[in-house]
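This report concerns only the one structure given below.
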Amino acid sequence: MTTALPHPGILIRREILTPLGMDSSRAAKWLQLDKTELDELLNGDCPISAQVARHLERAGISNAQAWLAVQNCYNEAHP
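Its first residue numbered -10, the sequence shown is counted upward by one per residue in the numbering used here.
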């Protein structure tokens, strides 16, 4: 049995923001992103864009290329 690959935004919320005790408002300020755009990502409603990936990298959360690869894997698993 395989485990479903979560949307990258869900992964960010669950594995990064929640352990840091960070809500989306605080995360949007920290990442210098629009809160609405970040909320859509964290809810799994939109993909990680190159811009968001760069902001994640600048914040020290892996690198942009890795985030885009995670998004690509998700896209392939959920055509």
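Glycine included, C-beta positions come from ideal geometry on N, C-alpha and C.
Nearest neighbour of residue i, chosen from the options [CA to CA]
i, options, result
"residue 19", "29, 3, -6, 50", "50"
"residue 29", "58, 47, 9, 13", "13"
"residue 44", "11, -4, 17", "17"
Status (buried if at least 16 other CB within 10 Å, exposed otherwise) for residue i
i, result
"residue 2", "buried"
"residue 69", "The requested residue 69 is not part of the displayed model; the chain covers only -10 to 68."
"residue 60", "buried"
"residue 6", "buried"
"residue 42", "buried"
Whole-number beta carbon distance between residue j and residue i, since they are thought to touch under 8 Å
i, j, result
"residue 37", "residue 57", "7 Å"
"residue -2", "residue 52", "Incorrect: roughly 17 Å between the Cβ atoms, too far for contact."
Query raised in the report: Is the region 20 to 32 touching the region 59 to 68 in the sense that three or more CB pairs, one from each, lie closer than 8 Å?
Result: Segment contact: the region 59 to 68 against the region 20 to 32, fewer than three CB-CB distances shorter than 8 Å; contact not assigned.
Query raised in the report: Which residue spans inside the region 6 to 66 form an unbroken alpha helix (DSSP H) run of at least 4?
Result: Correct list: 13 to 20, 24 to 31, 39 to 47, 53 to 66.
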